[in-house]
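Be aware that the sequence shown starts at 116, since it is given in this note's numbering, and climbs by one per residue. For every residue, glycine included, the Cβ atom is placed at its ideal position computed from N, Cα and C. Note sheet for the following structure.
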Amino acid sequence: MADPKGFLTTGREVAKTRPVGERVKDWNEVYVPGSLLPIISKQAGRCMDCGIPFCHNGCPLGNLIPEWNDYAYREDWSAASERLHATNNFPEFTGRLCPAPCESACVLGINQPAVTIKNVEVSIIDKAWESGDVTPQPPERLSGKTVAVIGSGPAGLAAAQQLTRAGHTVAVFERADRIGGLLRYGIPEFKMEKSHINRRIEQMRAEGTKFRTEVEIGKDIDAAKLRRRYDAVVIAAGATVSRDLPVPGRELNGIHFAMEYLPLANKVQEGDLTVAPINAAGKHVVVIGGGDTGADCVGTAHRQGAASVTQLEIMPQPGEERNANQPWPTFPMLYKVTSAHEEGGERIYSVSTTHFEGDEDGNVQSLHLIEVEFKDGKLEQKAGTERVIPAQLVTLAMGFTGTDQGNGLVQQFGVGLDERGNIARDEDYATNVDGVYVAGDAGRGQSLIVWAIAEGRSAARGVDRFLTGASALHAPIRPTDRSLTV
Ligand SMILES: Cc1cc2nc3c(=O)[nH]c(=O)nc-3n(C[C@H](O)[C@H](O)[C@H](O)COP(=O)(O)OP(=O)(O)OC[C@H]3O[C@@H](n4cnc5c(N)ncnc54)[C@H](O)[C@@H]3O)c2cc1C
Ligand code: SF4
């Protein structure tokens with residue numbers, strides 16, 4: 116156990132963010148660099164090393180949290196990093212971006228603020244990179260088997276790293292021009308600087324993983340050819356089809372899916388563009404959808420110099436405390452103030468968009484909304500509550516409907532879909548097609564990075580067993596697991 120009295124003597128302290136006025140003028144991560152290290156060992160010391168660590172179950176990766184908390188408390192960063200990597204390929208991603216369902220399940224959280232697990236995680240991995248502890252781990256011998264991974268998001272990368280380390284020859288195919296999936300082109304720089312992806316890719320290259328960008332499977336290479344060339348295939352193509360809002364005026368200029376808007380801002384940060392062609396500068400911006408993607412649009416619009424930013428959400432505002440339906444240790448839906456929300460803008464809950472209006476050139480100018488309420492389980496509009504708000508740029512951030520079927524990927528492989536339209540798989544992550552596996556959002560539906568990594572690891576084990584008859588790879592979850600979490 117870290118510090119037997121830590122939870123009694125130390126209060127919870129989290130990473131400090133830079134002042135709003137400073138950080139909206141740049142795209143760097145919002146946190147004060149180096150602010151965690153001086154406090155983090157004491158924070159790790161708040162861990163009670165519970166007999167039954169519920170945090171393990173809260174984390175889809177089954178991260179060995181009390182073990183690395185103990186090492187972090189003792190400042191044995193090398194041992195902490197080894198324990199962290201035992202279950203997580205990319206803690207620098209989850210340590211920055213995970214909503215930390217582990218903290219919702221922390222036993223200390225029953226009557227005190229939970230241990231700041233996510234901050235300990237990111238401190239361990241940042242320290243490990245800094246001290247040269249993260250090195251390539253190439254396999255000792257090759258199996259002679261080949262695997263194609265389709266998609267380079269966290270699921271594809273985790274599967275590829277596990278399978279490469281198991282000795283298979285792995286190629287990752289990505290239709291975009293850079294590796295990373297939504298980590299690269301969805302999540303903005305201010306939430307995670309892309310240098311973290313780049314150095315992982317260098318590590319993976321040094322281990323032997325091959326990367327092929329700007330290759331769309333289903334279009335540039337068909338499924339039959341890929342299956343002939345590779346002994347196994349992992350489909351980790353994400354759930355990239357955005358949910359639309361088919362109301363009058365949707366066709367006006369200036370109304371875009373979030374995933375048309377956000378990647379352009381990321382491309383500016385990559386140095387490909389000087390100015391994002393879809394830009395919030397000087398405009399009244401409305402973001403439709405109250406989730407993480409919406410918050411990323413809000414933060415991006417602030418940095419581009421929007422005149423105003425309004426975020427609309429159809430559901431009621433969540434409470435600030437757990438209610439009876441969401442008891443400890445489940446992951447509760449609570450009112451969240453993200454860094455983007457701290458930076459300004461207005462959030463309007465329980466409203467639905469009825470239509471858009473534009474000017475004579477076809478550019479959107481305003482959005483008409485109406486208040487809604489749940490009655491007998493059904494969402495109903497409240498008569499007489501219509502209003503109009505200015506809207507010169509609208510982003511649709513209402514979730515994703517599933518994996519892209521427009522490129523023939525699903526049809527060419529002949530993989531079956533489940534009742535929600537995701538690629539169906541068995542307990543080993545195998546699809547109905549021999550040797551074809553699926554991991555991440557493509558099989559689970561839109562989810563989280565931590566689930567994508569957990570699925571990538573678990574699917575890798577399934578593939579390894581398929582190729583060799585047995586596997587020593589760690590597989591944290593099964594497809595049906597929902598755990599205590601989101
Ligand atoms: C804007 C935004 C912000 C988010 N923020 C967070 C967050 O803060 N925390 C969190 O935990 N989760 C967040 N998420 C969710 C998280 O990013 C996803 O759950 C996760 O990235 C899914 O990983 P994946 O590997 O399954 O798919 P993806 O990351 O979507 O990667 C799939 C990749 O496959 C490629 N691809 C698709 N079809 C083909 C093909 N035919 N050939 C070749 N390549 C193909 C795509 O180009 C893409 O690069 C966010 C999502 C969005 C959209
Ligand atoms: S990956 Fe997420 S859930 Fe798991 S320990 Fe890290 S912050 Fe917690």
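Cβ neighbours of H283 within its own chain (closer than 6 Å, five residues either side excluded): S258, K260 and V262. Sequence-distant Cβ neighbours of A395 in its own chain, meaning closer than 6 Å and more than five residues away, are A416, Q419, A421 and L508. Restricting attention to A281, T510, L524 and S193, the CA atom closest to the CA of G406 is found in T510. With fewer than 16 other CB atoms across the displayed protein chains lying within 10 angstroms of its CB, K340 is exposed. In this structure, the beta-carbon distance from T518 to A352 falls below 8 Å.
In this structure, the alpha-carbon of L360 lies about 32 Å from that of D141. With fewer than 16 other beta carbons inside 10 angstroms of its own, E255 counts as exposed.
DSSP lists N368 as the beta-bridge partner residues of N478.
E495 is the residue among K451, A354, V390 and E495 whose C-alpha sits nearest the C-alpha of S465. Not one heavy atom of ligand 2 falls within 7 Å of the beta-carbon of E308. If you draw a straight line from the Cα of Y345 to the Cα of I265, it is about 12 Å long. Here DSSP, grouped into helix, strand and coil, assigns S467 to strand. Straight-line spacing of the CA atoms in V230 and V330 works out to 43 Å. Among the bridge pairs identified by DSSP, T510 is matched with H371 and V402. Below 8 Å, too few C-beta pairs join the stretch 361 to 368 and the stretch 548 to 567 to call them touching: fewer than three. Annotation: the continuous beta strand (DSSP E) that includes L427 extends over S423 to L427. A contact is defined here as three or more CB-CB pairs under 8 Å, and the stretch 217 to 225 fails this definition with respect to the stretch 271 to 280. With a cutoff of 7 Å, F288 counts as near ligand 1, since its C-beta is closer than that to a heavy atom of the ligand. Placement of the Cβ of A270 at a distance of 7 Å or more from every heavy atom of ligand 2 is found. If only uninterrupted beta strand (DSSP E) runs of at least 3 residues are considered, those enclosed by the stretch 217 to 302 are 261 to 265 and 284 to 289. Selection T445, S454, A439 and V503 evaluated against S467 yields V503 as nearest (Cα-Cα). Taking the CA atoms as reference points, P168 sits about 9 Å from L179. Leaving aside the five residues that flank I294 on each side, the residues in its chain whose CB is nearer than 6 Å to its CB run, in chain order, S267, I316 and F326.
Around the beta-carbon of M374, 16 or more other beta-carbon atoms lie within 10 Å, marking it buried.
Inclusion of C217 and I564 in the CB contact set at 8 Å is not warranted, their separation being larger than that value.
In this structure, ligand 1 has no non-hydrogen atom nearer than 7 Å to the beta-carbon of L449. Going by beta carbons, S219 and G177 fall outside the 8 Å limit. A check of alpha carbon separations from T445 across P119, R138 and H171 identifies H171 as the nearest.
Within the stretch 298 to 349, the runs of alpha helix (DSSP H) that reach at least 4 residues and sit entirely inside it are, in chain order, 310 to 322 and 338 to 344.
Taking the Cα of V452 as reference, the smallest distance to any Cα among D411, E144, S310 and N537 is reached at D411. Within the DSSP secondary-structure output, Y450 pairs in no beta bridge. Selection V237, Y552, R462 and E144 evaluated against D543 yields Y552 as nearest (Cα-Cα).
A straight-line Cα-Cα distance of about 16 Å links I155 and E207. About 5 Å separates the CB atoms of E570 and G555; that is less than 8 Å, so the two are in contact. P269 places its beta carbon 8 Å or farther from that of G323.
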